[in-house]
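If you're matching them up, the sequences are chains A and B in order.
My numbering puts the first residue of the first sequence at 136, with every later residue one more than the last.
My numbering puts the first residue of the second sequence at 136, with every later residue one more than the last.
Built from N, CA and C at the ideal position, the CB exists for glycine as well.
Given the structure is predicted, the values throughout are model-derived calculations rather than measurements.
Protein chains: 2
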Amino acid sequence: MSSWYKSWILLTGFILFYVAYLLFGAFVFSTIERPVEDKLKRDIQVLKEEFLNQSCVNATSLENFLERVLQANKYGVSILPNSSASSNWDLASSLFFANTLVTTVGYGHTTPLSDTGKAFSIFYALLGVPFTMLVLTACVQRLMHLVTYGPISMFRQKIGLDPLAATAVHFAILLLVVVLGFFVVPAVVFSYIEDTWSFLDAIYFCFITLCTIGLGDYVPGEKPGQNFRSLYKISVMVYLFVGLMMMYLVLRAFHRMADLHGLTSFFQLPHCDEDIEEDREPIIEAGHEDQHEVEASAKPLDPASQTSYNTINR
Amino acid sequence: MSSWYKSWILLTGFILFYVAYLLFGAFVFSTIERPVEDKLKRDIQVLKEEFLNQSCVNATSLENFLERVLQANKYGVSILPNSSASSNWDLASSLFFANTLVTTVGYGHTTPLSDTGKAFSIFYALLGVPFTMLVLTACVQRLMHLVTYGPISMFRQKIGLDPLAATAVHFAILLLVVVLGFFVVPAVVFSYIEDTWSFLDAIYFCFITLCTIGLGDYVPGEKPGQNFRSLYKISVMVYLFVGLMMMYLVLRAFHRMADLHGLTSFFQLPHCDEDIEEDREPIIEAGHEDQHEVEASAKPLDPASQTSYNTINR
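See the structure below:
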């Protein structure tokens, strides 16, 4: 009982510290990069005025002008008037940047301009990336009982499926739920909010994001005059975190199924370990719903029964 | 003996199939995106000529012009004359794009322009990302004996260190080797080859790449008139693959050390499993150097002794 509480208090502590770490990063990035961005914005406006005031525009002067415009654009500073109102380094945007850094998504639609910002990015990610993996692993580990062990055990007891069939049916259902809940539905929402995104664009964004590829050709909340921009950015961060958790769960379920079907042995790869043992053990009929809770509370105490995630799950 | 061969033939098969998969991706991306890129390039040149030919340049016409320039630039098509010679979708660049997609680095300095390209990216990454993880896991698993078990066993036998100290010393040495060999030395090389990169820029690039963040503000081989561009791009791909492998090895060694020092138990996280058991077993004195090779050949046969990588290792 007390270990169950300890486990959840530890997880809550992890999540709170994670949020604090993101806020700290956002504050530092904003402090470092905001003045550099403001200067670049002023420079680019002066450049534009000078260009407009010159008597004749020739190819060379245009190219020199465009070179500097594109350079500024690379750092997320646009010369266009409607995009100069919002900053890339206000608190919400910095928080979003910090989040894409530690989750290794890295859209790169805004990047640090200053050497201090680059150096801080290195140190921030050096601690932040493993820490994010720690928090995600801790969350997934505690969700496994609810999302994987519970349903599989139920399929076997209630419907009488054998372990192989139960794991396959569970995987199929989980995949369907994740595809609908974390790809299709968010894509509908994104294509509704973002005027210029088609449904394919939105699905492409969801996929590129949740695989942590993060190409950055589509980034939510970047259109000029976006309503509730800060709230929108934070919602996308929550979507990203929960979505990554679900991706782990799906890949873990896949790895587990591959194990049971002998694929990992065939490819001579690491096994999913003790889960399989658990599946091979006779199931004790449980008449009350608290069983999984009891299992969850007992598990973390026994190192041999701990859930193990393989890199192949990513 | 035959299982040792089987293990290495399987790995060679994996790597060859991986290279074939990358080449296939490069060929498809190049076929799909090259015509779209060519059209955009022609459009942007026409736009530039029209802009230069107009009698007076006012703020509105300049802004309309810049909006289209920045839009094209987002897709990697630059209006500047010196960058129009090379394509983002020739075979080497497409190969580089395919590689950054499946390793989840995703610089995003070039992104698919067409809907077909976006849809293909989704399907390509859907298979490619897990496949890359499979190949990396298979490589790391076979390297562990050489890079981790061997040296640790040596420290214990030859120097007489206890398991905790041997693991800590091994981790410190491995970390130093990786920092020097995969961050400092490549950064020196990159800052030498890329004229505009400082040493900090190059270290920042190595770090952002090997963490698979891939912001894309620094991408090698993108300067106009780059010598041996294709060869350079392919070398960066090899650096990326081997570098990712070394990152796995370091994080695996860290996780192993954390396990032995009781950190994973403290945080109630998954263990590194059987490696620890191995460390706790009495070591049999081996007089000949072939011992680790024998270990390597015996290991993959026994599922219980297989190496397991946790997500926290990423």
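If we ignore side chains and look at the alpha-carbon of each, how far apart do V192 of chain A and P359 of chain B end up?
Locating residue 192 of chain A in the first sequence gives position 57, where the first residue counts as 1. Locating residue 359 of chain B in the second sequence gives position 224, where the first residue counts as 1. Straight-line Cα distance between these residues: approximately 25 Å.
So what does DSSP say about D330 of chain A, is it helix, strand or coil?
In the first sequence, residue 330 of chain A corresponds to position 195, counting from 1. Three-state result, D330 of chain A: coil.
Cα-Cα separation, A260 of chain B to G349 of chain A
Along the second sequence, one-based indexing puts residue 260 of chain B at 125. Along the first sequence, one-based indexing puts residue 349 of chain A at 214. Rounded to whole angstroms, A260 of chain B to G349 of chain A spans 12 Å at the Cα level.
Would you call T399 of chain B buried or exposed, if buried means 16 or more other Cβ atoms sit within 10 Å of its Cβ?
On the second sequence, position 264 is the one that residue 399 of chain B refers to. T399 of chain B should be labelled buried.
Between which two residues does the alpha helix (DSSP H) carrying P286 of chain B extend?
As a first step, residue 286 of chain B is located in the second sequence; it is residue number 151 there, counting from the start. Segment 285 to 289, the alpha helix (DSSP H) holding P286 of chain B.
In chain B, which residues lie with their C-beta within 8 Å of the C-beta of L197 of chain A?
Residue mapping note: residue 197 of chain A aligns to position 62 of the first sequence, counting from 1. In chain order: K183, F186, L187.
Do we get a CB-CB distance below 8 Å when we pair E329 of chain A with the residues of chain B?
Reading the first sequence from its first residue, position 194 is the one you call residue 329 of chain A. Not closer than 8 Å to any Cβ of chain B, the Cβ of E329 of chain A fails to qualify, so no.
For I308 of chain B, does the three-state DSSP call read helix, strand or coil?
Start at 1 with the first residue of the second sequence, and residue 308 of chain B comes out as number 173. Here I308 of chain B sits in helix by DSSP.
CB contact check: H221 of chain A to chain B, cutoff 8 Å
Working through the first sequence from its first residue, we reach residue 221 of chain A at position 86. According to the sequence provided, residue 221 of chain A is Ser. The question's His does not apply to it. No, its Cβ sits nowhere closer than 8 Å to a Cβ of chain B.
Report buried or exposed for A258 of chain A, applying the criterion of at least 16 other Cβ atoms within 10 angstroms of its Cβ.
Residue mapping note: residue 258 of chain A aligns to position 123 of the first sequence, counting from 1. The amino acid at residue 258 of chain A is misidentified as Ala; the sequence shows Phe. Exposed is the call here.
So which residues of chain B does E357 of chain A contact, with C-beta pairs closer than 8 Å?
Sequence index remark: in the first sequence, residue 357 of chain A carries index 222 (1-based). Under the 8 Å cutoff, chain B gives no residues; its nearest Cβ is about 11 Å from E357 of chain A.
Under a Cβ-count criterion, where at least 16 other Cβ atoms within 10 Å of its own Cβ denotes burial, should G295 of chain B be classed as buried or exposed?
In the second sequence, residue 295 of chain B corresponds to position 160, counting from 1. Exposed, since its Cβ has fewer than 16 Cβ neighbours within 10 Å.
Which chain A residues sit within Cβ distance under 9 Å of C274 of chain B?
Residue numbering aside, residue 274 of chain B sits at position 139 when the second sequence is read from its first letter. Correct list: empty, because the minimum Cβ distance to chain A is about 11 Å.
Please go through the same chain and pick out, in chain order, the residues whose beta-carbon is closer than 7 Å to the beta-carbon of P321 of chain A, but skip the five residues on each side of it.
In the first sequence, the residue the question calls residue 321 of chain A occupies position 186. Hits under 7 Å: C341, Y374.
Any C-beta of chain B within less than 7 Å: which residues of the segment 149 to 170 of chain A qualify?
none
Determine the chain B residues that contact F317 of chain A at a beta-carbon separation under 7 Å, and present them in chain order.
In the first sequence, residue 317 of chain A corresponds to position 182, counting from 1. By Cβ distance, chain B contributes nothing, its closest Cβ being about 14 Å from F317 of chain A, past 7 Å.
Find the residues of chain A that neighbour T228 of chain B, judging by a C-beta separation of less than 7 Å, and give them in chain order.
The residue you call residue 228 of chain B lines up with position 93 of the second sequence. Residue identity differs from the one stated: residue 228 of chain B is Ser in this sequence, not Thr. Residues of chain A passing the Cβ test: none, with the nearest at roughly 15 Å.
If I follow the unbroken alpha helix (DSSP H) through G148 of chain A, where does it start and stop?
Counting from 1 along the first sequence, the entry for residue 148 of chain A is found at position 13. Looking at the DSSP string, the run of the alpha helix (DSSP H) that includes G148 of chain A is 137 to 188.
Report the neighbours of P216 of chain A on chain B: residues whose CB is nearer than 9 Å to its CB, in chain order.
In the first sequence, residue 216 of chain A corresponds to position 81, counting from 1. Within 9 Å Cβ-Cβ: A194, E198.
Taking just the CA atoms, how far does T347 of chain A sit from L379 of chain A?
Mapped onto the first sequence, residue 379 of chain A falls at position 244. Mapped onto the first sequence, residue 347 of chain A falls at position 212. Distance between the alpha carbons of L379 of chain A and T347 of chain A is about 8 Å.
Comparing the C-beta of D225 of chain A with each C-beta of chain B, is any distance below 8 Å?
Your numbering for residue 225 of chain A matches position 90 in the first sequence. It does not; no Cβ of chain B falls within 8 Å.
Quick one, are the C-beta atoms of F255 of chain B and I167 of chain B less than 8 Å apart?
As a working mapping, residue 255 of chain B is identified with position 120 in the second sequence. As a working mapping, residue 167 of chain B is identified with position 32 in the second sequence. Yes; because the gap between Cβ atoms is below 8 Å, this pair is in contact.
Determine, using beta carbons only, whether A233 of chain A comes closer than 8 Å to chain B.
Your numbering for residue 233 of chain A matches position 98 in the first sequence. False, the Cβ-Cβ gap to chain B never drops below 8 Å.
C-beta contact flag for A388 of chain A and L187 of chain B at 8 Å:
In the first sequence, counting from the first residue as 1, residue 388 of chain A sits at position 253. In the second sequence, counting from the first residue as 1, residue 187 of chain B sits at position 52. In this structure, L187 of chain B does not lie closer than 8 Å to A388 of chain A by Cβ.
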